[in-house]
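Student: Below is a structure I'd like to ask you about.
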Amino acid sequence: MHATVDAHALRTALLRLKPRRSRFRSLHEPSVEVTAGGTALVMMGTLDSSASVAAVVSQAGTAHIPLEAVSRLLATYAKGTSVVIRSEPGKVWFDKFSLTSTGER
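With this note's numbering applied, the sequence shown corresponds to residues 46 to 150, in that order.
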């Protein structure tokens, strides 16, 4: 997977996938499945919720990203900044930062 996406839009979409701490605590999942294809990133999260954001997709594919770590990382980007996401076995890269990917939800 290789795609370029607006960092703020991606973070906003990911935050909507997080369950509230007071509800569904036992159903909280540590990762989100991200699929790149066409002109969008589609994210499948907790309780079968989903979101999508516009993206420039260079290579279609699927990856699992750690929800909390990605949310914290994307918070460091300024509004309107693009981030390049690429995946390889066991890792997902956000520009020059790599995060471990579990490969499963």
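Built from N, CA and C at the ideal position, the CB exists for glycine as well.
Under a Cβ-count criterion, where at least 16 other Cβ atoms within 10 Å of its own Cβ denotes burial, should Val56 be classed as buried or exposed?
Tutor: Per the sequence shown, the amino acid found at residue 56 is Arg instead of Val. So Arg56 counts as buried.
Student: Note down, one range per segment and in chain order, each alpha helix (DSSP H) of at least 4 residues found wholly within the region 98-136.
Tutor: Listed in chain order, the complete alpha helix (DSSP H) runs (minimum 4 residues) inside the region 98-136 are 112-119.
Student: Which residues does DSSP pair with Ser76 in a beta bridge?
Tutor: DSSP lists Pro111 as partners of Ser76.
Student: Determine the burial state of Val102: buried for a count of at least 16 other Cβ atoms within 10 Å of its Cβ, exposed for fewer.
Tutor: When all chains shown are included, Val102 counts as buried.
Student: Would the beta-carbon of Val87 fall within 8 Å of that of Ala108?
Tutor: No, the pair does not count as a contact, with Cβ atoms beyond the cut-off.
Student: Does DSSP put Arg150 in a helix, a strand or coil?
Tutor: Interpretation of Arg150 is limited by its pLDDT of 43, a score under 50 that renders its predicted location unreliable; the figure taken from the coordinates is listed afterwards. Three-state DSSP puts Arg150 in coil, outside helix and strand.
Student: If distances are taken between C-alpha atoms only, which option among Gly125, Ala48, Ala54 comes closest to Thr84?
Tutor: Nearest of Gly125, Ala48, Ala54 to Thr84, Cα basis: Ala48.
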